[in-house]
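All residue numbers for the sequence shown refer to numbering that gives the first Met the number 0, where the first residue is 0 and numbers rise by one.
Read through the structure below, which is laid out as structure tokens, and then see the notes.
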Amino acid sequence: MVVSTVRPKTTTPTLLPQESLPAAYAAVMTLNADARELLGLIAGSPEPVAPSTYFHTIHPPNFDASAAEDDPRREVWVEKQIGLYGEMLKLHEGGLIRIVHPSNGERGDLMEVTEAGHAVLA
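This is the structure:
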């Protein structure tokens, strides 16, 4: 038996320029309702904003302030708030929002929507 040692000719993959990656990602990215609403609220801000500013707007508390910490409504609400942080990270990693002013210990990162983010909202 003869084994060929000739390697097949390979082609070099075509890479997108770095500045095109967020737009390319945004073109195929689908957003859930929370992420889309968060992106829209950030886009509507006249200046860079901490996305967590809108968390209570998207999921307002549906319990009294005096509710016990183990109240099921409070626990569900806390999970939704944590989920919004995850959505914010996905938006950032996807190139749909960017940090304009990093956090300074008194406030969180101030962010704005990128061109790719605006394209997703269009």
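Virtual Cβ for every residue (Gly too), placed ideally from N, Cα, C.
Bear in mind that the values here come from a model prediction, so they are computed numbers and not experimental data.
Residue i in three-state terms, based on DSSP
i	result
R106	coil
E114	helix
H58	coil
A121	coil
G43	coil
A64	coil
D69	coil
L30	coil
Residue from the options with nearest C-alpha to residue i
i	options	result
G93	V77, A118 and D63	A118
R97	T52, E111, G85 and W76	E111
T113	I81, P47, N103 and V75	P47
L109	Q80, S51, H58 and V77	S51
A54	E105, R72 and V77	The residue asked about is misnamed: residue 54 is Phe in this sequence, not Ala. Minimum Cα distance to F54 is reached at V77.
K79	T29, D69, P60 and E68	P60
L30	T56, E105, L90 and N103	L90
Contact under 9 Å by Cβ, residue i with residue j
i	j	result
G116	A42	yes
A34	G107	no
H58	L83	yes
L95	L38	yes
A66	R72	yes
Residues that DSSP places opposite residue i in a beta bridge
i	result
V48	M110
R97	E111
Residue-level contact to chain D via CB, residue i, 9 Å cutoff
i	result
Y84	Within the model displayed, chain D is absent; a lone protein chain is all it includes.
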